[in-house]
Amino acid sequence: MAVLGSLVIAAGTFLWLLPFLIAKRGAGSAIAVDRRARWGLLIQVVGYAMMLLGGFWTVDHLSWRILAGACFFALAALLSWTATQALGRQLRFDAAIHVEHKLVRTGPYRVIRHPIYGSMLCLLWGIGLVTAPAWLFLAATAVFLVGTEIRVRIEDGLLKRRFGNEFDQFRRSVPAYLPPVR
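Numbered as in this note's numbering, the sequence shown ends at 363 without a single skipped number.
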């Protein structure tokens, strides 16, 4: 079971990561960049690292956890593929607004404002279901969500400054990265 769990984690992570590796990023000049969002990313990475502390390579997990983890990996991959497609050349590592920036409302952006963060959360939960005991799953999720909130608030601030009332309307009508989170 440990081998199967490791394969599920490797395949799920690869399928999630692949669209970011092949995406064509724009090279236009930014009119606003907020690198403080990198602190949020660092905190999110700590959440991932915590999930891997569960000692999954020594524990024989129940098969329902691997199946549930695989479902979260599939959702993570679906969100990452569709979000990178919808963003096109607007995909950036840093929180940034560019001269020709458009407010994307197609693809998964119709359902959640930050589908890449939603995909990252699904990836975390996929890893956690395969690797972590319940207490560690909850602790790592809490840490990850702190980092995600930092990034969401910074990006939402940039989008508000660029798009004003159009973004306010979008924010009121579309959840952030989970359906109940505005």
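The beta carbon of each residue, even a glycine, is placed where N, CA and C say it ideally should be.
Quiz item: Among His295, Trp245, Gly345, which has the Cα closest to the Cα of Gly186?
Solution: Numbered from its first residue, the sequence shown carries residue 186 at position 5. Taking only the C-alpha atoms, the option nearest Gly186 is Trp245.
Quiz item: By the 10 Å Cβ neighbour count, where 16 or more other Cβ atoms means buried, how is Glu336 classified, buried or exposed?
Solution: Start at 1 with the first residue of the sequence shown, and residue 336 comes out as number 155. Label assigned to Glu336: buried.
Quiz item: What distance in whole Å lies between the Cβ atoms of Ile247 and Val324, which are believed to be in contact at a cut-off of 8 Å?
Solution: Taking the sequence shown and counting its residues from 1, the one referred to as residue 324 is at position 143. Taking the sequence shown and counting its residues from 1, the one referred to as residue 247 is at position 66. Actually they do not touch by this definition, with Cβ atoms about 24 Å apart.
Quiz item: Since Ile278 is in the beta strand (DSSP E), which residue starts that stretch and which ends it?
Solution: Translated into the one-based positions of the sequence shown, residue 278 becomes position 97. From DSSP, the beta strand (DSSP E) with Ile278 extends over 276 to 279.
Quiz item: Quick one, which of Arg216, Pro361, Phe318 has its alpha-carbon nearest Tyr229's?
Solution: Along the sequence shown, read from residue 1 onward, the residue named residue 229 stands at position 48. Nearest C-alpha to Tyr229: Phe318.
Exercise. Classify Ile212 as helix, strand or coil using the three-state DSSP reduction.
Key: Residue mapping note: residue 212 aligns to position 31 of the sequence shown, counting from 1. DSSP places Ile212 in strand when its eight states are reduced to three.
Quiz item: Start and end of the alpha helix (DSSP H) containing Tyr290?
Solution: Locating residue 290 in the sequence shown gives position 109, where the first residue counts as 1. From DSSP, Tyr290 is part of no alpha helix (DSSP H); its letter is neither H nor E.
Exercise. Return yes when the Cβ of Ala211 is within less than 7 Å of the Cβ of Ala276, no when it is not.
Key: In the sequence shown, the residue the question calls residue 276 occupies position 95. In the sequence shown, the residue the question calls residue 211 occupies position 30. Against a cut-off of 7 Å, the Cβ pair of Ala211 and Ala276 comes out as no contact.
Quiz item: How many Å lie between Glu281 and Gly235 at the Cα?
Solution: For the purposes of this step, residue 281 is taken as residue 100 along the sequence shown, with counting starting at 1. For the purposes of this step, residue 235 is taken as residue 54 along the sequence shown, with counting starting at 1. If I take the Cα positions, the gap works out to 44 Å.
Quiz item: Say the cut is 6 Å; is the CB of Ser261 nearer than that to a heavy atom of the ligand COA?
Solution: You won't find the ligand COA in this model; it holds no ligand whatsoever.
Quiz prompt | CA nearest to the CA of Leu305, picked from Trp220, Val214, Val184, Ala255 | solution = Within the sequence shown, the letter at position 124 stands for residue 305. Per the Cα distances, Ala255.
Exercise. Using the Cα positions of Leu202 and Trp262, report the straight-line distance between them to the nearest angstrom.
Key: Your numbering for residue 202 matches position 21 in the sequence shown. Your numbering for residue 262 matches position 81 in the sequence shown. Taking the straight line from one Cα to the other gives about 11 Å.
Practice problem: Tell me whether Pro360 is buried or exposed, calling it buried when 16 or more other Cβ atoms sit within 10 Å of its Cβ. | Solution: Taking the sequence shown and counting its residues from 1, one reaches residue 360 at position 179. So Pro360 ends up on the exposed side.
Quiz item: Does DSSP put Pro200 in a helix, a strand or coil?
Solution: For the purposes of this step, residue 200 is taken as the residue at position 19 of the sequence shown. Correct three-state label for Pro200: helix.
Practice problem: For Val355, name the three-state secondary structure that DSSP assigns. | Solution: As a position in the sequence shown, residue 355 is number 174, starting the count at 1. If DSSP states are grouped into helix, strand and coil, Val355 belongs with coil.
Quiz prompt | Simplified DSSP assignment, three categories, for Leu317 | solution = What you label residue 317 is simply residue 136 of the sequence shown in a count that begins at 1. Helix at Leu317.
Quiz item: With 16 as the cutoff for other CB atoms within 10 Å, does Val189 come out buried or exposed?
Solution: Locating residue 189 in the sequence shown gives position 8, counting from the first residue. Per the 10 Å Cβ criterion, buried.
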